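**Q** Before anything else, here's the structure in question.
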Amino acid sequence: MVNLINNLNKNKIINNLQEIHISQFKDKNNKMFGFKAIGTNTTSNNFCLKMYNPKSKAKVNKTNLEDNINLMNYVKICNFNKWCNFTLWTKRKDIINKFFDKHQKPDNLIIVYSNPIIDKPIYEAFGYFDKVFNNVTEDNLKDLQNCTGQRCIDCLRCYNKSDDIKDNIIFEKTKKQKKDSKNICESCYSHRSINYRHHTMKPPLQRNSDLLTKELKEIQIPKIIDRFFRFNHHGELIS
Ligand code: SF4
Numbered sequence: 001m002v003n004l005i006n007n008l009n010k011n012k013i014i015n016n017l018q019e020i021h022i023s024q025f026k027d028k029n030n031k032m033f034g035f036k037a038i039g040t041n042t043t044s045n046n047f048c049l050k051m052y053n054p055k056s057k058a059k060v061n062k063t064n065l066e067d068n069i070n071l072m073n074y075v076k077i078c079n080f081n082k083w084c085n086f087t088l089w090t091k092r093k094d095i096i097n098k099f100f101d102k103h104q105k106p107d108n109l110i111i112v113y114s115n116p117i118i119d120k121p122i123y124e125a126f127g128y129f130d131k132v133f134n135n136v137t138e139d140n141l142k143d144l145q146n147c148t149g150q151r152c153i154d155c156l157r158c159y160n161k162s163d164d165i166k167d168n169i170i171f172e173k174t175k176k177q178k179k180d181s182k183n184i185c186e187s188c189y190s191h192r193s194i195n196y197r198h199h200t201m202k203p204p205l206q207r208n209s210d211l212l213t214k215e216l217k218e219i220q221i222p223k224i225i226d227r228f229f230r231f232n233h234h235g236e237l238i239s
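The following block contains the structure:
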């Protein structure tokens with residue numbers, strides 16, 4: 001199993017309130033070795049379902065994005081843990097733009113635009129996005145591939161703010177690509193692994209999906225002792 005999840009299936013309760021599940025990466029061969037992260041369930045998120053299968057009938061909610069509760073909870077976690085840099089990967093430009101037009105973006109939150117189209121790189125960060133993550137096929141733009149084959153802990157490019165464009169525009173070789181599709185989500189590793197390891201992966205990720213779509217109480221906001229942390233190693237912002 002690539003992603004070691006701590007306290008698997010344990011439903012921790014504090015003061016009668018459920019606790020957010022935090023995943024830890026302990027496998028030295030995993031790209032995210034040494035990191036902790038909060039993830040959600042891609043297989044119950046309508047945006048992910050639609051991106052994974054464009055023929056899906058899932059309907060993406062586009063209302064109240066300016067007060068999106070999932071993002072509000074992430075902002076609360078950032079503000080509560082100011083010593084830690086949090087990086088959020090997202091394709092939801094609509095949520096990010098509307099939300100931060102209204103709310104203050106924490107200084108310790110780095111937002112990476114996860115470009116869904118393979119071999120169509122974006123060369124500049126924009127709006128509230130600090131960085132862009134591009135996927136390219138193996139032999140394309142080899143000189144620019146600054147993420148391929150590395151572990152985050154040895155690199156940290158995505159976890160530190162920078163004025164240098166080389167640090168803000170990331171290129172990684174696509175690991176798996178669906179034949180005849182340029183949409184990275186159609187080859188989503190998360191859907192495949194959750195469906196495959198249904199019994200162990202789904203409960204903690206779904207618990208987070210449920211908890212993060214309601215306003216977290218102060219006591220539920222996790223205290224993070226790490227210097228770097230990732231939001232959404234699985235899943236997307238939920239609307
Ligand atoms: S570029 Fe970002 S995702 Fe790639 S190894 Fe570095 S920190 Fe990790």
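For the sequence shown, position 96 matches number 96 in the numbering used here, and the numbering has no gaps at all. Just so you know, even glycine gets a beta-carbon here, dropped at the ideal spot from N, CA and C. Since this is a predicted model, take the numbers as computed values, not measurements.
1. Rank D226, L237, I238 by C-alpha distance to the C-alpha of F35 and give the top, closest one.
2. Hey, quick one: how far does the alpha helix (DSSP H) through I38 stretch, first residue to last?
3. Would you give the residue range spanned by the alpha helix (DSSP H) that T87 belongs to?
4. K57 by DSSP, collapsed to three states: which one?
5. Does ligand 1 have a heavy atom nearer than 8 Å to the CB of N81?
6. By the three-class DSSP mapping on this structure, what secondary structure does N73 have?
7. Does ligand 1 have a heavy atom nearer than 8 Å to the CB of Y159?
8. Do N108 and ligand 1 come close, with the Cβ less than 8 Å from some heavy atom?
9. Output needed for I95: all residues of its chain with C-beta closer than 7 Å, excluding positions within five of it in sequence on either side, in chain order.
10. Whole angstroms are fine: how far does the CA of C84 sit from the CA of I224?
11. Could you tell me whether the segment 23 to 41 touches the segment 229 to 236, using the rule of 3 or more Cβ pairs below 8 Å?
12. Just to confirm, are S193 and M201 a CB contact at a threshold of 9 Å?
13. When the distance is taken between beta carbons, is L109 closer than 9 Å to Y74?
14. Look up I240 in the DSSP assignment and say whether it is helix, strand or coil.
15. Are the segment 48 to 57 and the segment 180 to 189 touching by the rule of at least three beta carbon pairs closer than 8 Å?
16. Alpha carbons only, please: which of N79, D27, P204 is nearest the one belonging to N40?
17. Can you give me the start and stop residues for the alpha helix (DSSP H) that N208 sits inside?
18. Does Y123 come out as helix, strand or coil in the three-state DSSP assignment?
**A** With the given structure in hand:
1. By 1-based counting over the sequence shown, the position of residue 35 is 35. For the residues D226, L237, I238, the minimum Cα distance to F35 belongs to D226.
2. To locate residue 38, count along the sequence shown from 1; it is residue 38. Here I38 belongs to no alpha helix (DSSP H); instead the beta strand (DSSP E) covers 36 to 38.
3. Along the sequence shown, one-based indexing puts residue 87 at 87. Counting along the chain, T87 falls outside any alpha helix (DSSP H), though it belongs to the beta strand (DSSP E) covering 85 to 90.
4. Stepping through the sequence shown from its first residue, residue 57 is reached at position 57. The answer is coil: DSSP assigns K57 none of H, G, I, E or B.
5. On the sequence shown, position 81 is the one that residue 81 refers to. No - ligand 1 has no heavy atom lying nearer than 8 Å to the Cβ of N81.
6. For the purposes of this step, residue 73 is taken as residue 73 along the sequence shown, with counting starting at 1. In this structure, N73 counts as helix in the three-state DSSP scheme.
7. Indexing the sequence shown from 1 puts residue 159 at position 159. Checking the Cβ of Y159 against ligand 1 gives yes.
8. For the purposes of this step, residue 108 is taken as the residue at position 108 of the sequence shown. Answer for N108: no, Cβ out of range of ligand 1.
9. As a first step, residue 95 is located in the sequence shown; it is residue number 95 there, counting from the start. Within the same chain, I95 has close Cβ partners L65, N68, L71, L237, S239.
10. Numbered from 1 along the sequence shown, position 224 holds the residue referred to as residue 224. Numbered from 1 along the sequence shown, position 84 holds the residue referred to as residue 84. C-alpha separation (whole angstroms): 7 Å.
11. yes
12. Along the sequence shown, one-based indexing puts residue 193 at 193. Along the sequence shown, one-based indexing puts residue 201 at 201. Yes, Cβ-Cβ distance for S193 and M201 is below 9 Å.
13. The residue you call residue 74 lines up with position 74 of the sequence shown. The residue you call residue 109 lines up with position 109 of the sequence shown. It is a contact, given that the beta carbons lie within the stated cut-off.
14. The shown model of the chain, from 1 to 239, leaves out residue 240, and the question about it has no answer.
15. yes
16. Looking up residue 40 in the sequence shown gives position 40. Checking the sequence, you will find Thr at residue 40 rather than Asn. The candidate whose alpha carbon is nearest that of T40 is P204.
17. The count along the sequence shown starts at 1 and reaches residue 208 at position 208. From DSSP, the alpha helix (DSSP H) with N208 extends over 198 to 212.
18. The sequence position of residue 123 within the sequence shown is 123, counting from 1. Here Y123 sits in coil by DSSP.
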